[in-house]
């Protein structure tokens, strides 16, 4: 898959996570999931999904122009 297409898919996943962040449908649900209130369990799963998407964004969609090659950094005195 091309980098441009992959980037847009990851940005779409990030937008989807933004929309799913507020779980208004679970506020008054007294159910328990693995001993946790369902709203808390939802946010645990949401945090894991967000961490995965953000990690993939850094790996696959990080802009190439922000990287400084090591030789150029040493020449300019940066570490």
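Numbering (our numbering), first residue to last: 178 to 256.
Glycine residues also receive a C-beta, built at the ideal position from the N, C-alpha and C atoms.
Query raised in the report: Which value, in whole angstroms, describes the spacing of the CA atoms of residue 241 and residue 208?
Result: 46 Å
Query raised in the report: Where do the ends of the alpha helix (DSSP H) carrying residue 220 lie?
Result: 215 to 237
Report task. Measuring alpha carbon to alpha carbon, tell me which of 182, 213 and 191 ends up nearest residue 226. Result -> 191
Requested in this report: Let me know the secondary structure DSSP gives residue 201 once reduced to three states.
Outcome: helix
Query raised in the report: Of the choices 224, 210 and 184, whose alpha-carbon is the least far from that of residue 199?
Result: Answer by Cα proximity: 224.
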